[in-house]
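The letter at position 37 of the sequence shown is residue 37 when you use UniProt numbering, and the numbering goes up by one with no holes.
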Amino acid sequence: MGKGYSRKAYFGPCVSRILIRMKNLMVYYQIRRNFSQAGISAVLAMLFHVKINT
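Below, the structure is given as structure tokens:
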């Protein structure tokens with residue numbers, strides 16, 4: 001019983017961490033797809049602006 005509990009306590013955080021990472025990846029890819037559709041030039045202009053300012 002104790003072993004099962006410790007295993008559950010060990011795998012719980014791991015699973016939640018994996019799920020969070022997967023969600024972040026999905027959001028990241030969605031943002032990237034939106035950029036490729038709409039805003040690459042705007043992002044490049046922003047980076048160029050930052051380079052000039054520094």
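Here a beta-carbon is modelled for each residue, glycine too, at the ideal position from N, C-alpha and C.
Note down, in chain order, each residue of its chain lying with its Cβ closer than 7 Å to the Cβ of residue i, except the 5 sequence neighbours on either side.
i: ASN24; result: none
i: PRO13; result: none
i: VAL15; result: none
i: VAL43; result: PHE35
Could you pull out every unbroken alpha helix (DSSP H) segment of at least 4 residues lying fully inside the stretch 8–48, listed in chain order? The alpha helix (DSSP H) runs of length 4 or more contained entirely in the stretch 8–48 do not exist; there are none.
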